[in-house]
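Inspection log for the structure reproduced underneath, given as structure tokens.
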Amino acid sequence: MSGTARPPGRMLRVGGIPLHVLCEGSGPVCVLSPGLGMAWFDWDPVVPLLAPYRTVVRFDRPGLGFSAPAAEPPTAAGEAARIAGVLDALGLATPATVVGHSLAGLHAEAFARLYPERTAGLVLVDSSVEEDARPLAARELRTAAARLRGLAIAAAGLPHALGPALRRLTARSASVRRRDPVPADLVRRVYGSSRVARAVVMENARYRDVAAELEDLRAHHGLPPVPITFLAASTGSDSAPERRWLHRQRALAARLDARFEAVAPAGHLLMHDRPQSVAAAVLATPYVHRLRG
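First residue of the sequence shown: 3, per my numbering; consecutive thereafter.
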């Protein structure tokens, strides 16, 4: 894609914010949401495996990919509402299987707890784990500081100078393939943007707050009786850090009464390394045809 080419998909206004949304395939609905600072194209290896059997929905969160920025910082409830809003904007009323990678695993679980009637299943892909997360002090002050950091980074021209290279480095280090499958011109177009840099800074700054909010939701909103699959990435190294990470993920899967599967060999970008495992987990979710009344 050239720097002036129109991106795939379309722009839909959701909650007052123009979001970049893609809807492909046909059949039962699934939503694919990527991790912190990532974009729709990070699911590209998975979509061809799902589109013949599922209506596959992808969207960029505010400020990321090609979506417009939001005035308000991210929250767990807000991201759950955003998923619901995207489905509404597309006219998709039947329950969806929601797939969340890393940070978006928190959003997917929040959606299931807040919109149980709209949830057909959950697939958590190397999801973030924060045991007994607690709210951090001075949230508004930290949010204001994150905004200032984002503006300073943009003013210094760092996104254009370093953003694409940092994306490449991060993607390669999080994959056992040690490569980023996204075309270079698309990486430059997205990660060279100060808008995207500011959104990444804000998502990172609010990560612990989102985790603490989800912990509170767990205490007050149960999960619907739907299939939940937890896919944990394993490089197969059997190192002490990897054993600890798999232990933490297995513990969260047990807490959620989810089916746990360690996928190897795979890095944190499991959908790049083992797209067939993600697709298989989605396709194993039973079809639920239940219109909202």
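Ideal Cβ positions, reconstructed from N, Cα and C, are used throughout, including at glycine.
All figures in this text were calculated on a predicted structure; none of them were measured in a lab.
Beta-carbon separation (whole angstroms), residue i vs residue j, contact threshold 8 Å
i    : j    : result
A122 : P20  : So it is not a contact: roughly 28 Å between Cβ atoms.
S236 : A264 : 5 Å
D128 : H109 : No, D128 and H109 are not in contact; Cβ-Cβ is about 14 Å, not under 8 Å.
P47  : P183 : 7 Å
L137 : A199 : A small correction: the amino acid at residue 137 is Pro; Leu does not occupy that position in the sequence shown. Wrong, their Cβ atoms sit about 26 Å apart, outside the cutoff.
F113 : A82  : 4 Å
P60  : L34  : At residue 60 the sequence reads Arg, which differs from the Pro that was named. About 5 Å; that satisfies the 8 Å criterion.
G37  : V192 : That belief does not hold up - the Cβ atoms of G37 and V192 are roughly 15 Å apart, past 8 Å.
R115 : G17  : Not really, about 19 Å apart at Cβ, beyond 8 Å.
R120 : H274 : Contact flag wrong, Cβ pair sits at about 28 Å.
V284 : R56  : 7 Å
Under the three-state DSSP convention, the category residue i falls into
i    : result
V16  : strand
R56  : coil
T231 : strand
G11  : coil
G1   : The structure shown does not extend to residue 1, since the chain is modelled only from 3 through 295, so no value can be given for it.
V131 : coil
H222 : helix
L2   : Here the chain has residues from 3 to 295 only, and residue 2 is not among them.
V49  : helix
L143 : helix
L271 : coil
L21  : strand
L216 : helix
Residue i, enclosing beta strand (DSSP E) - first and last residue
i    : result
V265 : 261-265
L38  : Looking at the DSSP string, L38 is not in any beta strand (DSSP E), and its letter there is neither H nor E.
Alpha helix (DSSP H) segment containing residue i, residue limits
i    : result
S279 : 277-285
L254 : 242-257
The ligand COA heavy atom lying under 7 Å from the CB of residue i
i    : result
M204 : As for the ligand COA, it is missing from this structure, which has no ligand bound.
Using a Cβ distance threshold of 8 Å, determine whether the stretch 206-219 contacts the stretch 87-98, with at least three qualifying pairs required.
Touching, no, given that fewer than three Cβ pairs across the two stretches are closer than 8 Å.
Would you mind listing the alpha helix (DSSP H) stretches within the stretch 155-212 that are 4+ residues and don't spill past its ends, in chain order?
Counting only runs of at least 4 residues, the stretch 155-212 fully encloses the following alpha helix (DSSP H) elements, listed from N- to C-terminal order: 160-175, 186-193, 196-207.
Pair every Cβ in the stretch 222-234 with every Cβ in the stretch 194-204, then say whether three or more of these pairs are closer than 8 Å.
Here the stretch 222-234 does not lie against the stretch 194-204, with fewer than 3 beta-carbon pairs under 8 Å apart.
Which ranges does the beta strand (DSSP E) cover as unbroken runs of at least 3 residues, wholly within the stretch 58-124, from first to last along the chain?
The qualifying runs are 98-103.
So, does the stretch 88-95 touch the stretch 49-56, judging by three or more C-beta pairs under 8 Å?
By the Cβ rule, the stretch 88-95 does not count as touching the stretch 49-56, because fewer than three pairs are nearer than 8 Å.
Determine contact between the stretch 182-195 and the stretch 30-45, defined as no fewer than three beta-carbon pairs at a distance below 8 Å.
Yes: at least three Cβ pairs fall under 8 Å.
Cβ contact (3+ pairs, closer than 8 Å) linking the stretch 154-173 and the stretch 119-134
Too few Cβ pairs lie closer than 8 Å, so no.
Using 8 Å as the Cβ pair cut-off and three pairs as the minimum, do the stretch 74-81 and the stretch 169-178 touch?
Put simply, the stretch 74-81 does not touch the stretch 169-178. Fewer than three CB pairs are less than 8 Å apart.
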